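Following the working numbering, the numbering of the sequence shown begins with 317 at its first residue and continues without gaps.
The structure appears below as structure tokens.
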Amino acid sequence: MPNLRYAGEWNMMMHERRFARTLTITCALLVLCGVPQALAEIPEPDTILYGRIVNPTSGRDYVLSAGDLVWTLRGADGADMVLQARLAAYAEGAYSYRLNVPHEASALGVDLSDGVIPLGPVESVVRYGQVLVNGHEARVLPPSAEALALQQSTRAATHRVDLLVSYPLPDTDGDGMPDWWEDQAGLNIQLNDAADDADGDGAMNLA
């Protein structure tokens, strides 16, 4: 009849040896490969803001197509992020800007890069802070919302947000007619011709 006590001790000894060998191999691998860190960031598509930027100081809305846009966004955690874009004549001058809002996935154990807004499975609200156009404060025009509602299910969304900014537009010859209007009317931005009647309709150019 086999000695059960001896057999049990033998099995325990072999188990301890196998465990020690496995532990040694695991430790060696950790030394060689390093202890795993948090998972790398997971990119998400940008949210796109676009729209017109109008300046009404010339007596009519002028759609800007040159200069700089600096837009501050305030995340759900209260942290501010500043984004910048160059103005341009998009869609043949119909729109003034396009602003990309960068995202990465928000998930357990995943690191986030600096300068991104996390995109998670649950909706979070990002509010608009200060918006500067060519150094002048602008405001959002209705019906655009004053904030963005973001989540993974609405990734890669596009939002039209029109802006209004008021500051004197360039008037090179100082005749009271802004350069953009003189260019449009075929007048000379270097010549004070506000009192002239370029089209012969009996009214001054400035009228």
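Virtual Cβ for every residue (Gly too), placed ideally from N, Cα, C.
All of these numbers come straight from a predicted model, not from anything done at the bench.
Check: Whether or not the segment 361-377 and the segment 406-426 are in contact is what I'm after, with contact meaning three or more pairs of Cβ atoms, one per stretch, closer than 8 Å; do they touch?; Outcome: yes
Check: If you draw a straight line from the C-alpha of A461 to the C-alpha of V477, how long is it?; Outcome: 8 Å
Check: From this set, I358, L385, R376, E357, which residue's C-alpha is nearest H452's C-alpha?; Outcome: L385
Check: Residues bridged to W497 by DSSP?; Outcome: None; W497 has no bridge partner.
Check: Taking the beta strand (DSSP E) that R443 falls in, what are its first and last residues?; Outcome: 440-449
Check: Can you tell me where the beta strand (DSSP E) with D362 in it begins and where it stops?; Outcome: 359-367
Check: Which residues in the same chain as T388 place their Cβ atom closer than 6 Å to its Cβ, once the five residues preceding and following it in sequence are excluded?; Outcome: D396, V398, G445, Q446
Check: Between which residues of its own chain and P494 is the CB-CB distance below 6 Å, once the five residues before and five after are set aside?; Outcome: S374, L485, D487
Check: Using the rule of at least 16 other Cβ atoms within 10 Å of the residue's Cβ for burial, across every protein chain shown, is A472 buried or exposed?; Outcome: exposed
Check: Leaving out the 5 sequence neighbours to the left and right, which residues in its chain are closer than 7 Å to L346 when beta-carbon positions are compared?; Outcome: The pLDDT assigned to L346 is 42, lower than 50, so where the model puts this residue is not dependable; a value taken from the coordinates is nonetheless given after this. So the list is empty, once near-sequence residues are dropped.
Check: Could you pull out every residue in the same chain whose Cβ sits closer than 8 Å to the Cβ of D377, ignoring the five residues on either side in sequence?; Outcome: V370, N371
Check: Please report the straight-line C-alpha distance between L466 and D427, rounded to a whole angstrom.; Outcome: 19 Å
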